[in-house]
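Numbering (our numbering), first residue to last: 3 to 297.
Note that beta-carbon positions come from the ideal geometry of N, C-alpha and C, so glycine has one too.
Worksheet: one structure, shown below.
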């Protein structure tokens, strides 16, 4: 039962460590890809904003179907004083949602973005439309907002997550099958050792030894240590048994050697000159009648 619990703990631990590692890899991959795509979109957005400024200076549509090269970018011109929309260029999807998001930003904030020329996220409550990366440039009497959708960033990032999750499930399934077989194979010598140890403890045969006693593995070194211990125990029991046999042989020899003198001494009390213990007529081995009396 302990062997089964050990096998289960090892398998669960292996799956847990692998699962955590794959989860961390998924999160890091998601964040890395998302950051990479965002940086690429920002670089393209800055280039599109600079080109739009140049084209507007030459009365050329900056983006859209009327531009030399249609693109997913949008350019919106707002009146600097009122914030009203002066012109919209671009082929962006859900233009109504984009305009609602721009209208939600105060003109003062847009002017601040224009001064710093920083890139910000233009999003809103409608989750069906991905956010837009946007930047602001200030023009005489107007504010130009250039934006690009982040569909690629959202789509590719979550595709990576889905791919990683599918890979994780397949890998953990394969790990359960192969890991269980490897763990069972690796713990098989320990099971044999436990069986032999139980057999030795239940019986009296100390001559059995642990299998696979090689010095190249932890299990082999454990088997060597147990075999050394069993050898010493066997030697101790052998020495004890031999000592007991010598003691028994000595006692038997001593008893045999002392039996005849004691019998002789007990049978001839009168030869020693001691008085008998009780009165009785008998003829001793030294000759003549003697009277034994009770002491």
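Mark residue 4 as exposed unless 16 or more other C-beta atoms lie within 10 angstroms of its C-beta, in which case mark it buried. Residue placement at residue 4 is flagged as unreliable, the pLDDT there being 45, under the threshold of 50; the coordinate-derived value follows with that caveat. It counts as exposed.
Residue 130 versus residue 153 - alpha carbon distance: Residue 130 and residue 153: Cα-Cα distance of roughly 11 Å.
Distance check for residue 26 and residue 171, CA to CA, integer angstroms please. For residue 171 and residue 26, the gap between their C-alpha atoms comes out near 15 Å.
Thinking C-alpha only, which one of 145, 119, 141 is nearest residue 105? Nearest of 145, 119, 141 to residue 105, Cα basis: 145.
Around the C-beta of residue 239, are 16 or more other C-beta atoms found within 10 angstroms, so that it is buried, or is it exposed? Classification of residue 239: exposed, given that the 10 Å Cβ count is below 16.
So, at 8 Å on beta carbons, what are the nonlocal neighbours of residue 177 in its own chain, with the 5 sequence-adjacent residues on each side left out? Closer than 8 Å at Cβ, skipping near neighbours: 16, 17, 20.
Kindly list the residues whose CB is nearer than 8 Å to the CB of residue 13, restricted to its own chain and excluding five residues on each side of it in sequence; keep chain order. A distance below 8 Å between beta-carbons, with the five flanking residues on each side excluded, links residue 13 to the following residues of its chain, in chain order: 178, 181, 182, 185.
Secondary structure at residue 188, three-state DSSP: helix, strand or coil? If DSSP states are grouped into helix, strand and coil, residue 188 belongs with the helices.
Quick one: is residue 51 buried, meaning 16 or more other Cβ sit within 10 Å of its Cβ, or exposed? That one is buried.
Locate the beta strand (DSSP E) running through residue 60, then write down its first and last residues. For residue 60, no beta strand (DSSP E) run applies, since DSSP gives it neither H nor E.
Roughly how many angstroms lie between the CA atoms of residue 30 and residue 128, to the nearest whole one? Taking the Cα positions, residue 30 is about 27 Å away from residue 128.
Taking the straight line between their C-alpha atoms, what separation do you get for residue 34 and residue 44? Taking the straight line from one Cα to the other gives about 15 Å.
Alpha-carbon to alpha-carbon, residue 124 and residue 174: Their backbone Cα atoms lie some 40 Å apart in a straight line.
Any idea which residues DSSP pairs residue 75 with across the strands? In the DSSP output, where bridge partners are listed per residue, residue 75 has none listed.
Which residue or residues does DSSP assign as beta-bridge partners of residue 106? Paired residue(s): none; residue 106 is not in a bridge.
Would you kindly report the start and end of the unbroken beta strand (DSSP E) that includes residue 146? For residue 146, the enclosing beta strand (DSSP E) begins and ends at 144-151.
Contact the stretch 82-94 vs the stretch 152-168: 3+ CB pairs below 8 Å: Too few Cβ pairs lie closer than 8 Å, so no.
CB residue 47 to CB residue 121, shorter than 8 Å? Residue 121 sits close to residue 47, with the two beta carbons spaced by under 8 Å.
Euclidean distance between Cα positions of residue 89 and residue 22: Going from the Cα of residue 89 to the Cα of residue 22 covers about 52 Å.
Which class does residue 210 belong to by DSSP, given the choice of helix, strand or coil? Judged by DSSP in its simplified three-state form, residue 210 adopts coil rather than helix or strand.
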